[in-house]
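Working notes, beginning with the structure itself.
Number of protein chains: 2
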Amino acid sequence: MEQRLADTIAQDLEELIFDGTYSDGDRLDEVKLADQFGVSRTPLREAFQRLALSGLVDLIPRRGAFVRQPGPVELMEMFEVMAELEAVCGRLAALRISDAALKELADANTRCQMAVDAGDPDIYYLENERFHRIIYNQSGNSFLEQEASKLHRRLKPFRRQQLRFRGRMSQSMSEHEDIVQALSDSDPEKTADALRSHVAVQGEKFHNLMSSLKSHAQVVSSSR
Amino acid sequence: MEQRLADTIAQDLEELIFDGTYSDGDRLDEVKLADQFGVSRTPLREAFQRLALSGLVDLIPRRGAFVRQPGPVELMEMFEVMAELEAVCGRLAALRISDAALKELADANTRCQMAVDAGDPDIYYLENERFHRIIYNQSGNSFLEQEASKLHRRLKPFRRQQLRFRGRMSQSMSEHEDIVQALSDSDPEKTADALRSHVAVQGEKFHNLMSSLKSHAQVVSSSR
DNA sequence: AAGTGCATTTTTGTATACAAAAAACTTGAC
DNA sequence: GTCAAGTTTTTTGTATACAAAAATGCACTT
Numbered sequence: 005m006e007q008r009l010a011d012t013i014a015q016d017l018e019e020l021i022f023d024g025t026y027s028d029g030d031r032l033d034e035v036k037l038a039d040q041f042g043v044s045r046t047p048l049r050e051a052f053q054r055l056a057l058s059g060l061v062d063l064i065p066r067r068g069a070f071v072r073q074p075g076p077v078e079l080m081e082m083f084e085v086m087a088e089l090e091a092v093c094g095r096l097a098a099l100r101i102s103d104a105a106l107k108e109l110a111d112a113n114t115r116c117q118m119a120v121d122a123g124d125p126d127i128y129y130l131e132n133e134r135f136h137r138i139i140y141n142q143s144g145n146s147f148l149e150q151e152a153s154k155l156h157r158r159l160k161p162f163r164r165q166q167l168r169f170r171g172r173m174s175q176s177m178s179e180h181e182d183i184v185q186a187l188s189d190s191d192p193e194k195t196a197d198a199l200r201s202h203v204a205v206q207g208e209k210f211h212n213l214m215s216s217l218k219s220h221a222q223v224v225s226s227s228r
Numbered sequence: 005m006e007q008r009l010a011d012t013i014a015q016d017l018e019e020l021i022f023d024g025t026y027s028d029g030d031r032l033d034e035v036k037l038a039d040q041f042g043v044s045r046t047p048l049r050e051a052f053q054r055l056a057l058s059g060l061v062d063l064i065p066r067r068g069a070f071v072r073q074p075g076p077v078e079l080m081e082m083f084e085v086m087a088e089l090e091a092v093c094g095r096l097a098a099l100r101i102s103d104a105a106l107k108e109l110a111d112a113n114t115r116c117q118m119a120v121d122a123g124d125p126d127i128y129y130l131e132n133e134r135f136h137r138i139i140y141n142q143s144g145n146s147f148l149e150q151e152a153s154k155l156h157r158r159l160k161p162f163r164r165q166q167l168r169f170r171g172r173m174s175q176s177m178s179e180h181e182d183i184v185q186a187l188s189d190s191d192p193e194k195t196a197d198a199l200r201s202h203v204a205v206q207g208e209k210f211h212n213l214m215s216s217l218k219s220h221a222q223v224v225s226s227s228r
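Chains as they are written, first to last, in our numbering: chain C, 5 to 228; chain A, 5 to 228.
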């Protein structure tokens with residue numbers, strides 16, 4: 005029973021922030037949360053440190069912990085970086101990818117296609133994630149893989165939104181095909197460009213969605 | 005008087021790890037360090053959380069905190085990512101940079117030149133850092149700026165090593181000139197390429213240094 | 001002598017206690 | 001009624017206390 009509470013609490017808090025239970029600017033009350041989780045303040049404060057460094061929380065000395073959801077501008081910036089990181093992964097992977105991994109990509113894609121046919125965004129999302137992770141991995145640079153995964157995870161709730169656009173799933177599919185083609189051609193620049201625009205489009209779609217809504221908290225909360 | 009000890013401790017510990025007081029695999033003894041810093045274990049443990057997330061420390065449940073210096077392979081990976089991040093900064097900055105910033109770059113460069121003439125690596129290092137930070141900033145993407153700065157900071161102790169190579173300072177200088185030229189030409193790709201190779205060279209130099217110190221460790225493309 | 005099982009010691013993780021700072025509230029002057 | 005100074009209440013930051021897990025040591029068996 006006795007295992008790291010601080011760890012699980014950090015994850016739980018992350019969830020609570022992602023799913024919109026806490027929105028931008030909210031203060032995280034130590035005693036209230038400690039009560040809620042049934043623990044003392046100590047593990048909570050350790051969890052806060054983690055959240056602070058991953059950017060989900062602002063830790064203001066002698067003030068407390070405040071959740072910090074990225075605004076529209078920062079989100080666009082993050083998508084831009086994600087696009088570039090994926091492009092780099094692709095450029096490196098084009099020269100380093102194994103035949104086995106290429107086959108895995110193709111498999112993930114056929115499962116994506118099945119999800120498109122079935123009109124199931126959840127399965128599509130799952131397979132899409134696998135697709136991208138394979139490319140991160142095949143960059144042959146595990147530090148890059150980690151960084152890309154980290155940002156990918158952070159953008160997860162927002163990335164997901166754009167699948168709601170009519171036709172986006174099938175468009176995304178054909179982009180995937182292009183990427184696989186470029187990879188099997190071992191063409192670094194073509195792969196990089198394909199991935200960059202594939203991700204950049206997601207950012208743009210999201211931006212469209214944002215500007216059509218008032219509060220992005222709604223967007224986040226509906227992604228659960 | 006009473007201000008965040010956890011913060012200062014995290015920084016101090018970082019220093020201690022960077023300057024080699026603690027090396028790879030060493031366990032950080034909570035009570036010993038608490039004694040040493042004259043504080044209790046609580047702020048120390050909070051500091052550990054931070055170090056863990058920035059990758060300097062492995063936090064193994066029920067075991068303790070172990071310092072984790074990147075090995076040669078991981079260092080090369082980090083330099084590769086740094087090179088790509090700087091390239092992205094440059095590509096964006098080429099289109100977005102202000103005249104004022106261009107002038108600042110030129111100024112930093114002349115101060116670099118003065119440092120080269122004086123044979124002062126410390127001043128060179130300082131101005132070089134300023135030079136790069138300006139480019140991060142002029143990418144116009146503050147998230148990217150942050151990420152680049154973070155990695156730059158983490159590579160600091162290793163980056164510095166390569167200035168020891170004979171002639172590296174002046175070579176670095178002329179690369180800086182090329183970068184400024186590409187930026188003032190507003191040429192994204194040329195800027196990106198110039199920055200990428202500028203940083204990649206640092207990684208290679210460092211690699212040379214490593215393999216001349218230790219028994220030649222071959223860097224393989226696919227790890228694990 | 002090596003290995004195993006148990007008791008002891010260390011060390012980690014969490015709870016609680018306490019001190020200092022910030023926020024909230026009260027009271028009084030204008 | 002508003003503002004300000006002082007007082008109370010909350011809340012953060014740190015220290016200490018305690019419980020559980022891991023590490024260590026030691027006797028005992030083979």
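Each residue gets a CB set at the ideal place from its N, CA and C atoms; glycine is no exception.
Alpha-carbon spacing of residue i relative to residue j, whole angstroms
i, j, result
"Thr195/A", "Lys107/C", "36 Å"
"Ala105/A", "Arg157/A", "22 Å"
"Leu20/C", "Leu159/C", "15 Å"
"Gln40/C", "Phe147/A", "33 Å"
"Lys218/A", "Glu81/A", "At Lys218/A the pLDDT is 47, less than 50, meaning the model places this residue with poor confidence; the figure from the coordinates comes in the next sentence. Cα-Cα distance, rounded: 18 Å."
"Gln138/C", "Val184/C", "In the sequence under discussion, the amino acid at residue 138/C is Ile, which differs from the Gln named in the question. Approximately 11 Å between the Cα atoms of the pair."
"Leu187/C", "Val205/A", "27 Å"
"Gly59/C", "Leu155/C", "11 Å"
"Leu48/A", "Ala10/A", "6 Å"
"Val92/C", "Leu79/A", "17 Å"
"Ala51/A", "Val43/A", "12 Å"
"Asp111/A", "Gln175/A", "18 Å"
"Gln166/A", "Pro192/A", "27 Å"
"Pro161/A", "Val85/A", "17 Å"
"Arg115/C", "Asp197/C", "24 Å"
"Met118/A", "His136/A", "17 Å"
"Ser225/C", "Leu17/C", "Only weak support exists for where Ser225/C lies, its pLDDT of 41 falling under 50; the value from the coordinates is given anyway. Approximately 14 Å between the Cα atoms of the pair."
"Asn145/C", "Gly75/A", "13 Å"
"Leu109/C", "Glu181/C", "10 Å"
"Ala14/A", "Met173/C", "45 Å"
"Glu34/C", "Pro125/A", "48 Å"
"Gly24/A", "Val77/C", "40 Å"
"Arg95/C", "Asp121/A", "39 Å"
"Ser153/C", "Asp103/A", "36 Å"
"Leu63/A", "Gly123/C", "43 Å"
"Gly207/C", "Glu208/A", "35 Å"
Start-to-end residues for the alpha helix (DSSP H) that takes in residue i
i, result
"Phe70/C", "Careful: Phe70/C lies outside any alpha helix (DSSP H), inside the beta strand (DSSP E) at Gly68 to Val71."
"Asp39/C", "Glu34 to Phe41"
"Asn145/A", "Note, Asn145/A: premise wrong, no alpha helix (DSSP H); not H, not E."
"Phe22/A", "Leu9 to Phe22"
"Gln53/A", "Arg45 to Leu57"
"Ser174/C", "Arg172 to Ser188"
C-beta contact flag for residue i and residue j at 9 Å
i, j, result
"Arg168/C", "Leu213/C", "yes"
"Tyr128/A", "Glu90/A", "no"
"Ala87/C", "Val203/C", "yes"
"Pro65/C", "Arg200/A", "no"
"Leu99/C", "Ser190/C", "yes"
"Ile101/A", "Gln142/A", "yes"
"Arg54/A", "Leu57/C", "yes"
"Phe210/A", "Phe22/A", "no"
"Val61/C", "Leu32/C", "yes"
"Glu133/C", "Asn113/C", "no"
"Thr46/C", "Thr46/A", "yes"
Span of the beta strand (DSSP E) around residue i
i, result
"Leu63/A", "Val61 to Ile64"
At a cut of 8 Å, does the region 24-36 of chain C reach the region 53-72 of chain C through at least three beta carbon pairs? yes
In chain order, which alpha helix (DSSP H) runs of at least 4 residues are fully inside the region 66-109 of chain C? 76-100
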